[in-house]
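Residue numbers (this note's numbering): 81 to 331.
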């Protein structure tokens with residue numbers, strides 16, 4: 081392992097509370113109870129603001145022609161499935177920054193965003209008052225059956241303990257495709273839940289067994305098509321599970 085990633089892994093493990101102040105993610109552990117009871121709630125304003133501040137320059141760089149790997153993967157995944165007047169619902173829209181990247185590349189898209197955290201939606205509405213955002217849960221999407229041409233999971237499914245319920249909702253609401261952006265996947269390990277600090281706040285996260293999540297998609301009638309590689313996100317140094325990050329397009 082290279083020196084910088086190894087130092088980050090060391091700091092994250094040995095000084096989780098300290099490193100949570102300077103790292104986007106820190107304190108990885110399989111011991112969920114170590115964070116204490118009722119530690120994992122909706123994101124607070126401070127965490128939302130930290131994520132928002134980190135992402136806005138990345139979107140600006142993408143629009144200027146230098147997209148990070150995950151933004152490039154999102155664009156490439158959407159290119160074959162969106163066009164003029166395509167309705168797209170992003171679940172886990174955060175502060176709305178993906179909407180800027182999406183509408184820059186695909187200006188004809190009719191975008192809506194949903195997030196569980198009111199703090200995130202507040203930021204999204206401040207940044208993009210002309211766009212549609214709503215507070216809601218992926219487990220019961222406030223949208224009609226087959227009402228969206230594309231349902232985009234904006235790196236949200238990896239934070240959902242009841243991820244199968246969310247997938248079923250995506251399948252219900254989509255009229256065309258489902259795009260699962262930023263899935264963390266393992267080949268030989270079972271789907272595993274772990275905890276960490278995300279933007280300074282305790283957070284649950286999942287690494288999916290590739291065959292299990294693909295099988296669940298197929299049960300719901302979602303057939304895997306395009307696969308795009310995202311950021312380098314190997315959990316082996318942190319929780320002993322080798323992993324990759326991918327964006328899937330399903331139809």
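Every residue gets a Cβ at the ideal spot worked out from N, C-alpha and C, and that includes glycine.
To the nearest whole angstrom, what separates the beta carbons of residue 287 and residue 264, a pair I think is in contact under 8 Å? 5 Å
Nearest to residue 236 (by Cα), restricted to the options 211, 107 and 217: 217
Residue 194 CB to nearest chain C CB: under 8 Å? Of the protein chains in the structure, only one exists, and it is not chain C.
Under the three-state reduction of DSSP, which class applies to residue 200: helix, strand or coil? helix
Can you tell which of 227, 284 and 179 has the C-alpha that lies nearest to the C-alpha of residue 256? 227
Within the region 221-272, ranges of the beta strand (DSSP E) (whole runs, at least 3 residues): 228-234 and 254-266
Using a 10 Å radius around the Cβ and a threshold of 16 neighbouring Cβ atoms, would you call residue 276 buried or exposed? buried
Where residue 206 sits in the DSSP three-state scheme: helix
Beta-carbon proximity list for residue 181, same chain, < 6 Å, skipping 5 on both sides: 139, 142 and 151
What does DSSP give as the partner residues of residue 285 in its beta bridges? 274
Which stretch, first to last residue, makes up the beta strand (DSSP E) that contains residue 324? 324-330
How close, in whole Å, do the beta carbons of residue 242 and residue 220 come, if the pair is a contact with beta carbons under 8 Å? Incorrect: roughly 11 Å between the Cβ atoms, too far for contact.
Determine the extent of the beta strand (DSSP E) in which residue 132 is found, giving its start and end residues. Careful: residue 132 lies outside any beta strand (DSSP E), inside the alpha helix (DSSP H) at 125-143.
Roughly how many angstroms separate the alpha carbons of residue 195 and residue 177, rounded to a whole number? 12 Å
Start-to-end residues for the beta strand (DSSP E) that takes in residue 212: 212-215
Please work out which residues of its chain come closer than 7 Å, Cβ to Cβ, to residue 155, disregarding the five sequence neighbours upstream and downstream, and give them in chain order. 147 and 185
Sort out for me which residues DSSP pairs residue 191 with in a bridge. 168
Have a look at the DSSP bridge pairing and note the partners of residue 105. 278
Is DSSP giving residue 295 helix, strand or coil here? helix
Can you give the Cα-Cα distance for residue 291 and residue 323, rounded to whole angstroms? 13 Å
Of the residues 203, 197, 103 and 109, the one placed nearest residue 121, counting alpha carbons only: 197
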